[in-house]
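Notes follow the structure.
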Amino acid sequence: MSLRDYEPIVGSHVLAELQALAVCVGGRRLQNISSTAVGGGVAEILTHMVPLLRDLGVQADWDLIKGDQAFFNVTKAFHNALHGRPERITGEMLEIYRATTEANLRELRFTGDVIFIHDPQPAGLVAHKREIGRKWMWRCHIDISAPDPAVWAFLRPAVEQYDVAIFSMPDFAQTLPIPQFMVPPSIDPLSNKNKELDERAIEQVLGRHSIDPTRPVLTQISRFDRLKDPLGVIAAYRLVRKRHDCQLVLAGGGASDDPEGLEVLRQVQEAAADDPDIHVLLLPPFSDLEINALVRGSTIVFQKSIREGFGLTVSEALWKRKPVIGGAVGGIKLQIVDGFTGYLVHSPEGAAQRAMRLLGDPELRRMMGDNGYEHVKQNFLLTRHVKDYLLLMLALDHPDQRIITL
Amino acid sequence: MADGSAFHFRTEHRLVRLTGLRATTLGGLVAHLRVVSGSSVFYHTHHQYLARHFVKPVFYNDFAAWAMEALQEPELAEKLAAIDLLAFTAIRPLRNAIVETIERHLAASGAPMRECPSGDEFHFCESQSFIVPTGLVARDVGEFFAVLPRVTNVSLFFHFFEARLRLEQPTNDFSAWLAARGAQDLAYAIDRLDPYVVTLDELKAQILALDPSSARGGAGQ
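Protein chains in written order, with our numbering: chain P, 387 to 792; chain L, 424 to 644.
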């Protein structure tokens with residue numbers, strides 16, 4: 387994709403703003419460093435973001451750290467602990483993290499004027515900031531509003547060495563001696579997951595999964611994870627079914643290497659076994675077009691999470707003009723404007739009641755769909771995200787100023 | 424804005440800075456309000472004017488909205504919303520007015536302070552603004568009104584809200600420039616507009632209605 391491809395969506399004035407800011411950024415090189423090139427939200431955003439930055443004339447690169455399974459087991463435990471889940475972190479685990487960080491420090495070439503580190507896995511690289519120099523930014527993509535104190539105590543000294551830290555929501559901010567910024571994540575409207583599809587492509591996907599396009603479809607796209615409350619969605623659907631002939635699609639992937647995910651999937655399949663109108667779809671990796679079609683073929687989308695980092699699946703559905711019923715947690719609260727782009731709920735009963743209201747009122751669904759599209763266009767598209775990163779690079783030169791004349 | 428004669432329209436880009444300070448009670452809110460930056464007070468009293476709303480919010484002021492929604496304190500919410508932002512040309516007295524309003528309410532109520540529900544904490548943020556030229560320039564009053572329809576809401580926000588309150592000028596940029604050009608009546612008429620009770624689109628329409636070259640113009644030079 388090139389910058390020009392976004393013009394019909396966001397308008398020429400938005401691109402002109404980005405180009406003007408990119409000129410201000412000048413020749414600064416931005417070196418992103420993360421832990422994986424595929425899978426997960428960070429890789430998805432960087433895949434689309436780096437080419438756009440280059441198109442704007444910013445010298446953007448993206449490097450990966452290396453680690454063995456033991457290292458990624460440790461960082462997975464860190465991830466869970468930062469999300470507030472109790473995890474047993476041993477001294478041996480901390481040593482694995484330190485040793486892998488040191489190995490990466492020996493191998494990586496730090497070529498950027500701004501080193502942009504994503505998430506906790508590579509966060510320790512900042513240990514050699516004094517020798518390497520440059521400006522360092524740490525982007526935390528996860529919810530650390532209530533982190534496990536032990537893991538945060540381990541990571542915090544590293545985070546404090548950065549020039550700035552970036553979080554997705556105010557709720558995730560910490561008391562830190564460095565500037566912190568809010569930058570919500572974004573969706574790429576031209577990616578396979580979000581681009582326009584023709585009706586035939588949508589019907590083919592629905593047909594492949596024996597979903598009837600003539601009856602209403604309620605859908606939740608998410609990992610089979612307790613925190614996404616798939617059983618609560620089934621409970622809501624059963625209440626709706628008493629009044630409306632409809633179908634439920636629960637589609638997600640990524641459970642194969644996750645014992646807990648497999649157990650949740652088993653429970654979901656068991657709960658759905660007696661109802662042919664519940665479609666439980668375990669999708670393989672790289673199913674973006676399929677997910678796109680499933681959402682576009684839906685009447686209403688759920689994201690009934692009990693806890694959520696940001697929940698970009700909400701924006702992905704709103705972009706397709708679908709009203710979304712979501713749990714009133716995390717970033718879902720920023721994306722669903724209650725009563726205007728969907729509904730925020732706290733229980734399966736609440737979700738069912740809202741779904742019945744929407745199913746009975748096509749005009750309300752259309753109005754919410756249009757609102758949702760506009761809300762995402764204003765706030766959660768990749769172009770806004772690019773603008774925020776350009777401004778961040780400029781902000782690094784003015785850490786103590788709140789009004790900067792460019 | 425004005426380089427002696429011409430008016431250069433500017434606009435702004437914004438980043439939201441996070442302070443890490445959060446309040447769960449009115450006491451906590453006041454304690455943090457005393458120490459946060461002026462940019463934080465400005466952010467929480469003004470950012471809603473720039474946001475897109477599906478319907479006009481009841482409270483544009485975050486402190487009032489939080490008192491109402493998270494603490495169920497409607498009387499305080501109304502009093503905070505009633506603070507006349509137009510009466511201030513600096514952040515410090517505005518901050519004092521907010522703090523005093525909350526303290527008077529706490530002293531009068533005598534009831535124990537309510538704790539907000541989990542997830543509804545007040546998070547203190549700040550604006551970091553990047554001011555850039557728009558390329559739009561007016562060399563005289565006629566050009567000013569000719570160019571104004573092309574001025575964005577963000578540019579209007581900068582010249583009306585930021586310049587006056589954050590840069591501590593006695594009036595908005597438009598009135599200051601028009602007065603310097605000898606258009607005292609126009610300057611006064613624009614200065615009298617209340618940007619806090621209308622949307623930015625409505626504000627722009629109100630200014631355009633004052634165009635002396637237009638039949639609708641309400642104030643002459």
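Glycine included, C-beta positions come from ideal geometry on N, C-alpha and C.
{"Item": "Using DSSP with H/G/I as helix, E/B as strand and the rest coil, what is Ser-596 of chain P?", "Value": "coil"}
{"Item": "Below 6 angstroms CB to CB, which residues in the same chain sit around Asp-663 of chain P once its five sequence neighbours on both sides are set aside?", "Value": "Gln-633"}
{"Item": "Taking only runs that begin and end inside the stretch 525-608 of chain P, name each unbroken beta strand (DSSP E) of 3 or more residues, in chain order.", "Value": "550-553, 566-568, 603-607"}
{"Item": "Quick one: measure Cβ to Cβ for Lys-515 of chain P and Gln-547 of chain P, integer angstroms, because I've assumed they're closer than 8 angstroms.", "Value": "6 angstroms"}
{"Item": "Nearest to Ala-659 of chain P by CA position, among P:Leu-636, P:Gly-647, P:Asn-678, is which residue?", "Value": "P:Leu-636"}
{"Item": "Is the beta carbon of Leu-704 of chain P closer than 8 angstroms to that of Gly-758 of chain P?", "Value": "yes"}
{"Item": "For chain L, check one thing: does any of its Cβ atoms lie closer than 8 angstroms to the Cβ of Asp-786 of chain P?", "Value": "no"}
{"Item": "Per DSSP, what are the beta-bridge partners of Ala-637 of chain P in this structure?", "Value": "P:Ile-607, P:Leu-667"}
{"Item": "Inspect the beta-carbon positions of Pro-572 of chain L and Leu-609 of chain L and report whether they are closer than 8 angstroms.", "Value": "no"}
{"Item": "Check distances from the C-beta atoms of the stretch 541-569 of chain P to those of chain L and list, in chain order, the residues that come in under 7 angstroms.", "Value": "Phe-553, Pro-556, Asp-557, Ala-559, Gln-560, Thr-561, Leu-562, Pro-565, Gln-566, Phe-567, Met-568"}
{"Item": "Note down, in chain order, every chain P residue with its Cβ under 8 angstroms from the Cβ of His-582 of chain L.", "Value": "In chain order: nothing, as chain P lies at least about 14 angstroms away."}
{"Item": "Hey, how far is the Cα of Pro-480 of chain L from the Cα of Ser-596 of chain P?", "Value": "44 angstroms"}
{"Item": "Put Ile-722 of chain P into one of helix, strand or coil per three-state DSSP.", "Value": "coil"}
{"Item": "With DSSP as the reference, label Gly-641 of chain L as helix, strand or coil.", "Value": "For Gly-641 of chain L, the predicted structure reports a pLDDT of 48, less than 50, and the residue's modelled location is therefore unreliable. A value from the coordinates is still provided. Coil at Gly-641 of chain L, not helix or strand."}
{"Item": "According to DSSP, simplified to helix, strand and coil, what is Ala-467 of chain P?", "Value": "helix"}
{"Item": "With DSSP as the reference, please indicate the residues paired to Gln-689 of chain P in a beta bridge.", "Value": "P:Gly-712"}
{"Item": "State buried or exposed for Ala-485 of chain P, treating a residue as buried only when at least 16 other CB atoms are found within 10 Å of its CB.", "Value": "exposed"}
{"Item": "Identify the contact partners of Arg-440 of chain L in chain P, using a Cβ-Cβ distance below 7 angstroms as the criterion.", "Value": "Pro-565, Gln-566, Phe-567"}
{"Item": "Compute the Euclidean distance between the alpha carbons of Val-444 of chain P and Val-400 of chain P, then round it to the nearest angstrom.", "Value": "17 angstroms"}
{"Item": "Who are the neighbours of Asp-783 of chain P on chain L, taking C-beta pairs under 8 angstroms?", "Value": "Near Asp-783 of chain P there are no residues of chain L at all, since even the closest Cβ is about 11 angstroms away, more than 8 angstroms."}
{"Item": "With 8 angstroms as the C-beta to C-beta threshold (strictly closer), list the residues of the stretch 576-610 of chain L near chain P in chain order.", "Value": "Glu-585, Arg-589, Leu-590"}
{"Item": "Give the secondary structure of Ala-603 of chain L by DSSP, where H, G and I count as helix, E and B as strand, and everything else as coil.", "Value": "helix"}
{"Item": "Suppose the cutoff is 6 angstroms on Cβ atoms and the five residues either side in sequence are ignored; what does the same chain contact list for Gly-461 of chain L look like?", "Value": "Ile-514"}
{"Item": "What number of angstroms, rounded off, separates the C-alpha of Val-428 of chain P from the C-alpha of Ser-420 of chain P?", "Value": "8 angstroms"}
{"Item": "If you drop the 5 nearest sequence neighbours on each side, which residues of the same chain put their C-beta closer than 6 angstroms to that of Pro-618 of chain L?", "Value": "Phe-583, Leu-626"}
{"Item": "Please confirm whether Val-555 of chain L has its beta-carbon closer than 8 angstroms to some beta-carbon of chain B.", "Value": "Included in the structure are the protein chains P and L, with no chain B among them."}
{"Item": "Considering Ile-518 of chain P, what are the terminal residues of the alpha helix (DSSP H) in which it resides?", "Value": "515-518"}
{"Item": "Does Pro-542 of chain L come out as helix, strand or coil in the three-state DSSP assignment?", "Value": "This sequence places Gly at residue 542 of chain L; Pro is not what is there. Three-state DSSP puts Gly-542 of chain L in coil, outside helix and strand."}
{"Item": "8 angstroms is my cut-off, CB to CB: does Cys-539 of chain L come that close to chain P?", "Value": "no"}
{"Item": "I'd like to know whether the C-beta of Arg-515 of chain L is nearer than 8 angstroms to at least one C-beta of chain P.", "Value": "no"}
{"Item": "Can you tell which of P:Ala-551, P:His-504, P:Leu-407, P:Ile-789 has its C-alpha closest to the C-alpha of Trp-448 of chain P?", "Value": "P:His-504"}
{"Item": "If you count every other CB in all the chains shown that lies within 10 Å of the CB of His-527 of chain P, and 16 or more means buried, which is it?", "Value": "buried"}
{"Item": "Please report how far the alpha carbon of Arg-707 of chain P lies from the alpha carbon of Ile-482 of chain P, in whole angstroms.", "Value": "46 angstroms"}
{"Item": "Using DSSP with H/G/I as helix, E/B as strand and the rest coil, what is Ala-628 of chain L?", "Value": "helix"}
{"Item": "What's the C-alpha gap between Gln-592 of chain L and Ala-599 of chain L?", "Value": "9 angstroms"}
{"Item": "Taking a contact to mean a Cβ-Cβ separation below 8 angstroms, would you say Arg-682 of chain P touches Leu-576 of chain P in this structure?", "Value": "no"}
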